[in-house]
Amino acid sequence: MTATAEPTVEFGKARPRKEDARLITGRSRYTDAITPSGTLHIAVVRSPLAHATITGVDKSEAEQAPGVVGVYTAADLGLEGVGLPCAWPVTPDMKAPQRPVLATGTVHFAGEGVAVIVARSPAEARDAADLVEIDYEPLDPVLDMEAALADGATLVHPDLGTNENATWVFDSGEAGTGTSVSDAISAAEADPDQVVVRRRFRQQRLIPAFMEPRSAVCDPTGEQITLYAATQVPHILRTMTTVTLGVPESKLRVIAPDVGGGFGGKIGVLPEEMLVVALAQKLGKPVKWSETRSESLLAAHHGRDQIQDITITAKKDGTVTGLDVKLLADMGAYLGLVGPGVPILGAFMFNAIYKFPAYRFTCTNVFTTKTLTDAYRGAGRPEATFAVERIMDELAVELGRDPMELREQNWIKHEEFPFTTVCGLTYDSGNYEQATQQAMELFDYAGLRREQEERRRNNDPVQLGIGISTFTEMCGLAPSRVLGSLSYGAGGWEAASIRMLATGKVEVITGASAHGQGHETAFSQIVADQLGVPFEDVEVLHGDTQISPKGLDTYGSRSLVVGGIAIVKAADKVIAKAKKIAAHLLEASEDDIEFAGGNFTVRGTDKGRSIQEIAFAAFMAHDYPEDMEPSLDSDAVYDPENFSFPHGTHLAAIEIDTETGHVDLRKYVCVDDIGNVVNPLIVEGQVHGGLAQGIAQALFEEANYDDQGTLVNGTFVDYTLPSAADLPSFDTRTVSTPATSNPLGVKGVGEAGTIASTPAIVNGVLDALRHLGVRDVEMPCTSQRVWRALQDAQGRSTQETPVDTHSPGAGLGSIDPNNPQGEVQ
Amino acid sequence: MIPSKFDYVKPSSVAEAITALRDGGDDAKILAGGQSLIPVLRLRLATPSVLIDLGGIPELRGIREDGDRIAIGAMTAYYDVIRDDLVKQHVRLLAQATETVADGQVRHRGTLGGSLAHADPAGDLGAVALALDAELVIAGADGTRTVPASEFFVDYFTTAIGEGEILTEIRFPKHTGWGSHYEKFNRTAQAWSMVAIAAAIRVEGGTIAEARVGLTNMGTTPIRATGVEQALVGQPATADAVRAAADHVTEGTSAPSDADAAADYREHLAKVLTGRAVLAAVG
Ligand SMILES: Cc1cc2nc3c(=O)[nH]c(=O)nc-3n(C[C@H](O)[C@H](O)[C@H](O)COP(=O)(O)OP(=O)(O)OC[C@H]3O[C@@H](n4cnc5c(N)ncnc54)[C@H](O)[C@@H]3O)c2cc1C
């Protein structure tokens, strides 16, 4: 028997990511770095108008431009009848417009493609794009959701007869999972011992702003057509390309090489991806598209954009009795792959950690002439968490209660798990008390409350606010039967394979598709433990449908909780096979074989074989049991039985300079319960990134449109993403109440920071300002908005906060009103 | 994004650069650090036929003492300005303001001359040049001329640099021993100023003897807050006196409105920030 060193446990080790060296140094393979010989390049000619009839397309000058191979409209390519897929018909009567590959007849948002240039170089394609003359007859833009639903509104898609995509309702009274909210509200209104609090919140439009712009290359020259794409969903893209263009799935290989971030923004099936496939097939040459940053901000799908009308009822002792949620969700001009379902995902999370006896959720999806919206980190859950955490603070104010105490009074106690919520989900585990207590200690909640008191008393120009968010989320999308009940167009399983190589090394194949999360490291750690092999001996392969033929990709904090478990199941099968061979070689009964630390031993003896030896024996196949094949390789498909429910307590200390309105996040503490932790370093990274994005929604980001429907802050100069310099050093911790729904006890962490942090910040902002008479500040809580709110509260009227001012673009700090487009002479 | 086609020349002397400018005609554009010009080209807001890169002209780079002035070559990078001992000692306000410009990467590439020639009213260094009575040396085919900062900034993105001319040097009168501060207010930490106040103050025995105050992004050009300066001189260096003087800051301004700040908010900010800048300067 080969001596194996004392096995070290990988699970829980803060390993630096093995992907980092290549990703951080840029020695990597992003899609744009892939240029098969003979590649042609495309540029999309996009509409500058939000809503207009196309009255003419003159391609002649562009066709003559140097290097141009062709200029095409949808009609030229025979793609007029082709519509991009939406995989989530949320209701049977959902209204779905055809989303064309290139607009024909009418453009429905500024940035929509109308024609495509194919040229020998990207520069020539870009030059020629300027030469296509498109005549438009402007139509009225449709920008405001409420106006869009009013009688007589201009219709985005007149053939649908309405701007309403769908209305989706959940009523706990009707579902039998709780009582009726209408009853709860009427009862509260009639009862002097109850209160009803109604608020309207706005989820502004956000831009996912991944680092690597989108890109796709189609090489039609092999037996299979190969599509490289900067996508989160290579498997879905493959199936959907088949559905959309009719290329047989077996003829299509999709590769997602290294992908530089997605945050949901790369979950789509894109017109440009379909264009490169169609053009490559037509021209018989590789065709490539790489978007510019401006195109990315303008035309890649946006996120959030909801109006939330929230009603909460409670007894005066603080016990909540009902929650009514009415949403308007902006779909933009078309439906994205899962766009209509994104707000609906929130339906299960508005009740959050609280024991609402009655709950209703009504969401109306609305079409406007803006860029479409779809998944963005958290997808439905940040919106829900924001609303409920904000309204809990409002209720606390109404009742004169400490907001944390009020939450505690209403949340599910740790001894009440498993707990079936008012919308029918069963939370398997959790301990809100534990996370909260740790967070409050770390934060020095009591000390900061004292400081806050003092600053108020002294009329300090800098006021302190304390923001709370005690959140939960549903991760691990998703049990397939639940998706079925929501009419989602796919299952929620994940696939994995493990190949034991002759030399004892291990290849792990996953259907999850990493785009920056660190799967290669975390999955290697899991497999190293499961099989008892060194971490370094495990290679994780993914993102290529030829290597990993089966999978449902990465989104919804599912990779570990679903994909990771599939790997564990595959490892179990490897071990079971190896055990048989070991028993055979060791001439022992299988029942007497024990497996630990990579070694199969005969109980009570020192006889044994390492898993590597067994792998070699299987490869040689000179001597193995008759009733099995000579292979340890195993596949597994895992369909989760339940979601997982990470939770946590997030606390923010906010300083507001009341003279300028400047908001400074002074301190941020979070204690997240994400179950067992595979790699604390990766977890910390995920939490930090998530926090930055959630805080960005609260304080920095908003996609603004002018009254013509033009995106006015479509560059990184004016779409103000925060950088590290805008954020404090976060104090992040984890506690663990293991999930009981999966063998690793893991819960998922990819979206937690984003989901939890936004309400913590806004609650903190308002907590600093409320005693000065401020009732609300819209997101993002910019210094200007805060200042105006303070002026308002003091009865001084000021100008409107302008949001629709044109910007000249990158590199220019200000705008010349005489020359708003910023042409530089 | 991809700029449209242009030619590129890299002269090795100012004379060569001026010839290249003449040869390039209307469409020629000077390239300094490229931190404003390259984005403008990539967005195709400008489509010059030829770029004349000043990066190969050693005489345009560097900082020297010239009598009662500190002379800074137009192509001196922000990073070098910030670290320079002469600047720190005699024109500290310039170092303070330059430190607030953008991020480390931009500060390594961007140049003092490029910033002033670009004349973005949201740019940080115009207010400093104006407040400190800098002189700008401009070279052309007919030789060299010197323009005071007060005449240099003409309008949005427009300066006294004429066609065929190059900004070669910026001379700052020494303000040795003055207190100074650059108070910048922005939307995100590494961005242009929504409003900023450049203040240099000389205090004698507790009284403000001289005051220089420049404003960033309160009009189409950097603006000298002469009302504030006059109100400060002779006053005690106390918070009340300074705040009262700061109320004059909006005189002669025409604050722009954009998504970050409408004019009324900018005016309010200017008052608050002027008080803070001057108080920090008198320290
Ligand atoms: C991300 C980012 C953030 C920024 N933040 C700030 C900020 O906070 N504050 C701030 O002030 N600026 C900021 N800037 C702008 C930056 O300061 C630029 O460097 C500066 O505006 C231009 O300097 P440059 O050397 O890069 O000039 P270039 O970009 O090369 O040139 C700018 C213009 O000036 C002309 N020009 C340059 N040199 C000369 C010369 N010697 N003679 C005649 N004409 C000349 C060019 O032809 C061009 O029109 C930022 C830029 C970026 C990219």
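Going down the list, the sequences are from chains U and D. What the first sequence shows, in our numbering, is residues 14 to 838, in sequence order. What the second sequence shows, in our numbering, is residues 1269 to 1551, in sequence order. Using N, Cα and C, we set each Cβ at its ideal position, and we do this for glycine too.
* Asked: Within 10 angstroms of its Cβ, does residue 786 of chain U collect 16 or more other Cβ (buried), or is it exposed?
  -> exposed
* **Nearest neighbour of residue 233 of chain U, chosen from U:298, U:396 and U:599 [CA to CA]** => U:298
* Anything in chain U within Cβ reach of residue 1540 of chain D, meaning under 7 Å, just list it in chain order. => 672 and 673
* **Which of helix, strand or coil DSSP assigns to residue 183 of chain U** => strand
* **Residue-chain proximity (residue 1529 of chain D, chain U), Cβ-Cβ < 8 Å** => yes
* Starting from residue 1403 of chain D, follow its DSSP beta bridges and name the residues at the other end. => D:1416 and D:1439
* To do: Write down the C-beta distance between residue 290 of chain U and residue 238 of chain U rounded to the nearest angstrom, noting that I regard them as a contact closer than 8 Å.
  => 7 Å
* Name, please, each residue of chain D whose Cβ falls closer than 8 Å to the Cβ of residue 800 of chain U. => 1533 and 1536
* Which residues DSSP lists as bridging residue 513 of chain U, in chain order -> U:519
* Mind checking residue 37 of chain U: buried by the 16 CB within 10 Å criterion, or exposed? -> exposed
* Rank U:577, U:549 and U:557 by C-alpha distance to the C-alpha of residue 536 of chain U and give the top, closest one. => U:577
* Hey, is residue 1286 of chain D close to ligand 1, as in C-beta under 7 Å from one of its heavy atoms? -> no
* Just how far apart, CA to CA, sit residue 485 of chain U and residue 230 of chain U? -> 39 Å
* To do: Identify the continuous beta strand (DSSP E) that holds residue 1466 of chain D and give its terminal residues.
  => 1463-1472
* To do: Please work out which residues of its chain come closer than 7 Å, Cβ to Cβ, to residue 1266 of chain D, disregarding the five sequence neighbours upstream and downstream, and give them in chain order.
  => Given that chain D is displayed from residue 1269 to residue 1551, the structure contains no residue 1266 of chain D and the question cannot be resolved.
* Just the Cα atoms here: how many angstroms apart are residue 835 of chain U and residue 1308 of chain D? -> Low per-residue confidence applies at residue 835 of chain U: pLDDT is 46, beneath 50, and the placement is therefore not dependable, though the value from the model is reported in the following sentence. Whole-angstrom Cα-Cα distance: 9 Å.
* With a floor of 4 residues, list each alpha helix (DSSP H) that falls wholly inside the stretch 619-687 of chain U, ordered by position along the chain. => 624-633
* To do: Answer yes or no: do residue 645 of chain U and residue 590 of chain U have a C-beta to C-beta separation smaller than 8 Å?
  => yes
* **Beta-carbon proximity list for residue 16 of chain U, same chain, < 7 Å, skipping 5 on both sides** => With a pLDDT of 47 at residue 16 of chain U, under the threshold of 50, the predicted position of this residue should be treated as unreliable, and no value is reported.
* Which of helix, strand or coil DSSP assigns to residue 107 of chain U -> coil
* Asked: Is residue 302 of chain U near ligand 1, going by C-beta to nearest heavy atom under 7 Å?
  -> no
* Contacting residues, own chain, Cβ-Cβ under 8 Å from residue 1373 of chain D (five flanking each side not counted) -> none
* To do: Flag residue 438 of chain U as yes when its Cβ comes closer than 7 Å to any non-hydrogen atom of ligand 1, and as no otherwise.
  => no
* Return yes when the C-beta of residue 375 of chain U is under 7 Å from any heavy atom of ligand 1, and no when it is not. => no
* To do: Go through its chain and collect everything with a Cβ distance to residue 1402 of chain D's Cβ below 7 Å, but skip five positions before and after it.
  => 1417, 1438, 1439 and 1440
* Complete runs of the alpha helix (DSSP H) confined to the stretch 404-476 of chain U [at least 4 residues] -> 416-423, 445-456 and 458-470
* Asked: Going by the CB atoms, is the gap between residue 52 of chain U and residue 247 of chain U shorter than 8 Å?
  -> no
* Asked: Closest by CA to residue 695 of chain U, which one among U:543, U:723, U:747 and U:416?
  -> U:747
* Spell out whether any CB of chain D is found under 8 Å from the CB atom of residue 185 of chain U. => no
* Asked: Around the C-beta of residue 829 of chain U, are 16 or more other C-beta atoms found within 10 angstroms, so that it is buried, or is it exposed?
  -> Any reading at residue 829 of chain U needs caution, since the residue's pLDDT is 45, under 50, leaving its predicted position unreliable; the model's value is listed next. Result: buried.
* To do: Measure the beta-carbon distance from residue 410 of chain U to residue 783 of chain U and round it to whole angstroms, keeping in mind my assumption that it falls under 8 Å.
  => 7 Å
* Asked: Can the beta-carbon of residue 505 of chain U be found closer than 8 Å to that of residue 615 of chain U?
  -> no
* Asked: So, are the CB atoms of residue 56 of chain U and residue 138 of chain U less than 8 Å apart?
  -> yes
* By how many angstroms is the C-alpha of residue 292 of chain U removed from the C-alpha of residue 134 of chain U? -> 15 Å
* 6 Å Cβ shell around residue 620 of chain U - same chain, five flanking residues per side excluded -> 599
* **N-terminal and C-terminal residue of the alpha helix (DSSP H) that residue 1546 of chain D is part of** => 1531-1550
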